[in-house]
Amino acid sequence: MKIALVGNQNSGKSTLFNVLTKKHQKIANFPGATVDIMEGSTYDQSLSLIDLPGIYSLTPYSKEQETTLSFLLHEDYDLILNVVDSTSLERSLYLTTQLLDLNKPMIVVLNMTDRLKDTGLNIHIKTLEKRLGVTFFQVSAHKRTGIKDLLCLIEQNDYIQTKRLGIFPSNIEASIEKITNLIDFDYKRYYALKLLEDETPFMNEVIDEKAYLANAYDEDIYEVFAEARYKFIETLLSYSTSKLTKYDKRTIKIDSILLHKFWAIPIFLLIMFVVYMISVGVVGSFSVGVVEGLIDNFSQWLDGSLLNLGASDWSRSLLIDGLIAGVGAMLAFIPQLVMLFIFINILEASGYMTRIAFFMDKLFKRFGLSGRALIPFILGSGCSVPAIYSTRTIEYKRERDLTAILTPLIPCSAKLPIITLFASMFFGAYAGLVTFLLYVFSIVIIFLSALILKKIMKVKRVGNYIVELPTYKLPNAKYVFRDVLDQVWGFIKHATTIILLTSVVLWFLASFNFRLHYGVDIDQSILAFLGKGLSYLFYPILGTHSWASSIAFLQGLIAKEQVVSSMEVMSGVSGGGPLFSSGLFSFFTVSSAVSFMVFNLYSAPCIASIAAMREELGSAKKALYAVIFQTLMAYAIALVLFWLLRLGGL
Amino acid sequence: MKLSDLKISESLKVSFIDAEPTIKHRLNDLGITKGVIITLSGISPLGDPYHIELRGYRLAIEKALLEYVCGDKV
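Those sequence lines, one after another, are chains A and B.
Sequential numbering from 52 applies to the first sequence in our numbering.
Sequential numbering from -3 applies to the second sequence in our numbering.
What follows is the structure, encoded as structure tokens:
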């Protein structure tokens, strides 16, 4: 049995989906967290569930809403689970009345019932069921109440499937009926309504009915239908609920501070500053040192033991300089990633992220962006790939494209090691501050690029920012923990698969020459030969021919984590010791360190991000232009910074 | 008067929406229909967007869109 989960954005569909399937779909307290179809099955495999992006009506206004509508009309499924936020019934039931027009078996799941106690609202389920002809079922996906009973109900087909009463006044129902009878394919009533709403009708019968309705109501038909649905719901709720639903009082209180006229922006800046100071600054620098020490000790111990066992030079080098150097370099960054992910998840789950997007909208608009672009930008500090996909919630196509191109310019977690490595080496005690400033600098770069691209792409928006402000929720520690675990696990998987593999390849290329002699000087290796050609390109921004830096950059295209880990592997093969004292990288000065860092941060992102951009922009050509733009811009910034710092004597 | 003319915590009963169909239908779907009472609950620190309260929920919405919504103060 195939079940589609449909509901408003932020109604808790994904939470319910996770509880029912024991899967782990990302959850956030902002409208539009789900951007694609997600499938899963219940524990005993008897039910298959589909989590669809949230919609407010069966008229789509953005790409991910089109996905949902097209699923509902063209895919095969047996039952609709209409997930409804029971704290905002009036608006939510609007979609319910539209879903009823599909004439599919349906259960309305009243979610978030744990929050009804706070509001003192009572819902008379029987009245709702009688008037709408479908089963209403109360659950709290968050608190996991009512879930088992819901599953029983579905499995035993124990839900109401009666003929529904009309929602519209009888004269409108009569018109709909006439058109419905002309249609002989699925979803008759839905299509009949769409035909009547159509601004340019082509069938004579439709033209006649439209003329009649226009005469009777003096408004356009869409408006007549919407008004009638809401009237119906108002009446229904006056019978079935104890009082009018009011917006959450606690949220109003919190918003009076967090959205305050003067304090909103300073509070926001303070929060972000604290987040980065703690995760990157304090915890970051401390933990990186500790973990690096552990890995160093481990590799020395391993080296010694292997030597005692009589292992050959090359096999020890493969393990120590290839595998441990490459993968170890990455693992050292896990503690600070954990901290960063925890903070971002809390900001998302609490509902604060939507507020940030809200008050930033006006600023963003000047740069051709929607306030919603903030969400991909913040997610982008974790990983660009999901961040690029999340641009789907932006309605206006050109704003969406612009956001997808700009998102990789936010330093993602994989780029963080590059920053940390250079900042701690060249700025010592000021590393935390320099890191923070680099994020600020990235924001400046993003806005400058936005201004340029806005002109090129001709982005001009006519008032379309409109989004629900969800009520604040206390983040569920369990879900935050699971999200963080997922993200960190993804990072580790990356570090131990792709990075492991490329580290070995790199070690091989760095240790052998073309005659496959092991133990040659690294300058004579295959790798040096490959890197030398490229080093001419980097001469203007590094001030020297460094084949090893060129290779590190190329590695970054596979995955940004590779920049640092490949430098570790190469310096390991060239003789070990600290990275910046090896002959390969000792040339770095403040000026070349900054330009190398900047070039790697803003130039072409990793392959996975380029693929995501390709998908979201809709063509390989556009993605290619985006990559060329990013790389040229990065080169220009690196060049300017390098020569400025160099002239300043650094 | 227009919804955008309200001061914070003032309310208006909608009498018509003076916008092109796509915008109007969008507003209709979100519950902004004839006869509904809408309260202006706040304005972003930068002056735009606004947020409004209707049908038991809060909607963040650009000022330009509020200019389409006309009605009488209540």
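Glycine included, each C-beta is placed from N, C-alpha and C at the ideal position.
Delimiting residues of the alpha helix (DSSP H) encompassing residue i
| i | result |
| --- | --- |
| Thr29 (chain B) | Looking at the DSSP string, Thr29 (chain B) is not in any alpha helix (DSSP H), and its letter there is neither H nor E. |
| Leu652 (chain A) | 641 to 653 |
| Ala55 (chain A) | Run containing Ala55 (chain A): none in the alpha helix (DSSP H); it sits in the beta strand (DSSP E), 53 to 58. |
| Ser221 (chain A) | 221 to 231 |
| Thr66 (chain A) | 64 to 72 |
| Leu551 (chain A) | 549 to 562 |
| Val257 (chain A) | 255 to 268 |
Beta-carbon separation (whole angstroms), residue i vs residue j, contact threshold 8 angstroms
| i | j | result |
| --- | --- | --- |
| Lys505 (chain A) | Gly431 (chain A) | That pair is no contact at about 19 angstroms. |
| Val57 (chain A) | Leu150 (chain A) | 6 angstroms |
| Leu130 (chain A) | Met163 (chain A) | Contact flag wrong, Cβ pair sits at about 21 angstroms. |
| Glu519 (chain A) | Asn61 (chain A) | 7 angstroms |
| Ile702 (chain A) | Ala599 (chain A) | Because chain A spans 52 through 701 in this model, residue 702 (chain A) falls outside it and cannot be assessed. |
| Leu140 (chain A) | Gly377 (chain A) | Actually they are not in contact, since the Cβ atoms of Leu140 (chain A) and Gly377 (chain A) sit about 55 angstroms apart, beyond 8 angstroms. |
| Ser642 (chain A) | Arg697 (chain A) | 4 angstroms |
| Thr148 (chain A) | Phe283 (chain A) | 7 angstroms |
Residue j beta carbon less than 7 angstroms from that of residue i
| i | j | result |
| --- | --- | --- |
| Ala528 (chain A) | Phe410 (chain A) | no |
| Phe639 (chain A) | Thr595 (chain A) | no |
| His47 (chain B) | Ala56 (chain B) | yes |
| Pro462 (chain A) | Leu652 (chain A) | yes |
| Ala760 (chain A) | Arg665 (chain A) | Limits of chain A in this structure are 52 at one end and 701 at the other, which puts residue 760 (chain A) out of reach. |
| Ser289 (chain A) | His175 (chain A) | no |
| Tyr516 (chain A) | Asp452 (chain A) | no |
| Ile106 (chain A) | Glu90 (chain A) | no |
| Tyr268 (chain A) | Val257 (chain A) | no |
| Thr18 (chain B) | Tyr281 (chain A) | no |
| Tyr53 (chain B) | Asp14 (chain B) | no |
| Ala677 (chain A) | Phe650 (chain A) | no |
Separation of residue j from residue i, as counted between CA atoms
| i | j | result |
| --- | --- | --- |
| Phe563 (chain A) | Ile375 (chain A) | 19 angstroms |
| Ile230 (chain A) | Phe319 (chain A) | 54 angstroms |
| Ile470 (chain A) | Ser646 (chain A) | 11 angstroms |
| Asn154 (chain A) | Tyr238 (chain A) | 7 angstroms |
| Thr35 (chain B) | Cys66 (chain B) | 13 angstroms |
| Leu26 (chain B) | Ser143 (chain A) | 9 angstroms |
| Leu309 (chain A) | Gly422 (chain A) | 17 angstroms |
| Trp694 (chain A) | Ser617 (chain A) | 26 angstroms |
| Gly623 (chain A) | Leu472 (chain A) | 16 angstroms |
| Ile322 (chain A) | Ser441 (chain A) | 23 angstroms |
| Gly373 (chain A) | Ile494 (chain A) | 36 angstroms |
| Ser221 (chain A) | Ala279 (chain A) | 11 angstroms |
| Ser633 (chain A) | Glu619 (chain A) | 10 angstroms |
| Thr72 (chain A) | Tyr94 (chain A) | 6 angstroms |
| Thr196 (chain A) | Arg182 (chain A) | 26 angstroms |
| Leu425 (chain A) | Thr454 (chain A) | 9 angstroms |
| Ser121 (chain A) | Ala465 (chain A) | 36 angstroms |
| Met390 (chain A) | Pro317 (chain A) | 22 angstroms |
| Lys9 (chain B) | Val70 (chain B) | 7 angstroms |
| Thr178 (chain A) | Thr486 (chain A) | 59 angstroms |
| Ile329 (chain A) | Leu467 (chain A) | 14 angstroms |
| Ile496 (chain A) | Lys199 (chain A) | 51 angstroms |
| Glu126 (chain A) | Arg301 (chain A) | 41 angstroms |
| Phe477 (chain A) | Ala644 (chain A) | 8 angstroms |
| Val341 (chain A) | Asp347 (chain A) | 10 angstroms |
| Leu457 (chain A) | Ala655 (chain A) | 11 angstroms |
| Met404 (chain A) | Leu246 (chain A) | 39 angstroms |
Option in the options with minimal Cα separation from residue i
| i | options | result |
| --- | --- | --- |
| Ser625 (chain A) | A:Trp558, A:Glu278, A:Met476 | A:Trp558 |
| Leu524 (chain A) | A:Asp299, A:Ile308, A:Leu701 | According to the sequence provided, residue 524 (chain A) is Lys. The question's Leu does not apply to it. Closest option to Lys524 (chain A), Cα to Cα, is A:Asp299. |
| Asp259 (chain A) | A:Val275, A:Asp237, A:Ile227 | A:Ile227 |
| Phe392 (chain A) | A:Gly63, A:His568, A:Arg533, A:Ser366 | A:Arg533 |
| Thr138 (chain A) | A:Lys73, A:Lys297, A:Gly344, A:Phe639 | A:Lys297 |
| Glu612 (chain A) | A:Cys434, A:Ala662, A:Ile679 | A:Cys434 |
| Lys168 (chain A) | A:Ser191, A:Leu551, A:Leu183 | A:Ser191 |
| Leu560 (chain A) | A:Asp574, A:Thr547, A:Thr548, A:Pro111 | A:Asp574 |
| Glu399 (chain A) | A:Asn69, A:Pro82, A:Ala55, A:Ile54 | A:Pro82 |
| Leu161 (chain A) | A:Phe187, A:Leu123, A:Asn173 | A:Phe187 |
| Lys572 (chain A) | A:Leu593, A:Met621, A:Ile543 | Checking the displayed sequence, the identity of residue 572 (chain A) turns out to be Asp instead of Lys. Cα-wise, what sits closest to Asp572 (chain A) is A:Met621. |
Limits of the unbroken beta strand (DSSP E) element including residue i
| i | result |
| --- | --- |
| Gln606 (chain A) | Here Gln606 (chain A) belongs to no beta strand (DSSP E); instead the alpha helix (DSSP H) covers 598 to 609. |
| His47 (chain B) | 46 to 50 |
| Arg54 (chain B) | 53 to 57 |
| Val510 (chain A) | Element bounds for Val510 (chain A): n/a, residue is neither H nor E. |
| Thr186 (chain A) | 186 to 189 |
| Val333 (chain A) | Run containing Val333 (chain A): none; DSSP gives neither H nor E here. |
| Lys69 (chain B) | 65 to 69 |
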